[in-house]
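Enquirer: Shown below is the structure under consideration.
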Amino acid sequence: MNTRLMLLLAIVVMTSNGVVWGANNETSPTGYSSSPESNTSDVENTDRNVRDKSDATLTPENQVEGDDGDRKITAEIRRAVVGDDSLSLDAHNVKIITLNRVVTLRGPVESEGEKTTIEKLARQAAGVKQVQNELEIERQTD
179 MNTRLMLLLA IVVMTSNGVV WGANNETSPT GYSSSPESNT SDVENTDRNV RDKSDATLTP
239 ENQVEGDDGD RKITAEIRRA VVGDDSLSLD AHNVKIITLN RVVTLRGPVE SEGEKTTIEK
299 LARQAAGVKQ VQNELEIERQ TD
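Numbering (the working numbering), first residue to last: 179 to 320.
The structure is reproduced here in structure tokens:
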């Protein structure tokens, strides 16, 4: 009987230690922190997100208002941008919105060269009437 009681007590202690360790551990099994302070970073782009909530600013959701031709233009530009290995990840992820054959480019890029390259790729797409380049050069942090 004493052996069973000791075994049960050991299991309870080991299990409770795991629960306490998990509650105090600041990183999840995936390696990401669960503390609120560490989740506020520049990745959030809060200022941009607030700006994009305004109906005056075009977002990719406006693309549904366009027709198949607009969607084909957007797809062609996206393929060209993603296919350019000289561009950064930020540049590959810029917003491309086409309405009535007018292309709007928005989002951060790393350099003036990337901004120019993406605009050039957009202008080369078949059917484009105009390109509005609203790309922003992201400040470099060291």
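From the three backbone atoms N, C-alpha and C, an ideal C-beta is built for every residue, glycine too.
1. Threshold first: 3 residues or longer. Then list the beta strand (DSSP E) segments lying entirely within the stretch 243-314, N to C.
2. Are the CB atoms of residue 281 and residue 310 within a distance shorter than 9 Å?
3. I need the DSSP call for residue 182, collapsed to helix, strand or coil.
4. Pull up the CB-CB distance for residue 288 and residue 266, whole angstroms please, since I reckon it's below 8 Å.
5. What separation, rounded to the nearest whole angstrom, lies between the Cα atoms of residue 246 and residue 283?
6. Just tell me which of 276, 304, 255 and 188 has its CA closest to the CA of residue 295.
7. Expressed to the nearest angstrom, what Euclidean distance is found between the alpha-carbon atoms of residue 331 and residue 315?
8. Measure from the alpha carbon of residue 304 to the alpha carbon of each residue in 279, 189 and 269, then state which is nearest.
9. Which value, in whole angstroms, describes the spacing of the CA atoms of residue 193 and residue 186?
10. Where residue 275 and residue 257 are concerned, what is the direct C-alpha to C-alpha distance, given to the nearest angstrom?
11. Name the residue from 264, 263 and 270 whose alpha carbon lies nearest to the alpha carbon of residue 253.
Expert: Concretely, from the data shown:
1. Correct list: 273-277 and 280-287.
2. It is a contact, given that the beta carbons lie within the stated cut-off.
3. In the three-state reduction of the DSSP assignment, residue 182 falls in the helix class, which pools H, G and I.
4. Contact check for residue 288 and residue 266: beta-carbon distance about 5 Å, within the 8 Å limit, so the pair qualifies.
5. If I take the Cα positions, the gap works out to 19 Å.
6. Nearest of 276, 304, 255 and 188 to residue 295, Cα basis: 255.
7. Residue 331 falls outside the range modelled here, since the chain spans only 179 to 320, and no answer is possible.
8. Considering only alpha carbons, the answer is 279.
9. Their backbone Cα atoms lie some 11 Å apart in a straight line.
10. A straight line joining the alpha-carbon of residue 275 with that of residue 257 spans about 14 Å.
11. Comparing alpha-carbon positions, the option among 264, 263 and 270 lying closest to residue 253 turns out to be 270.
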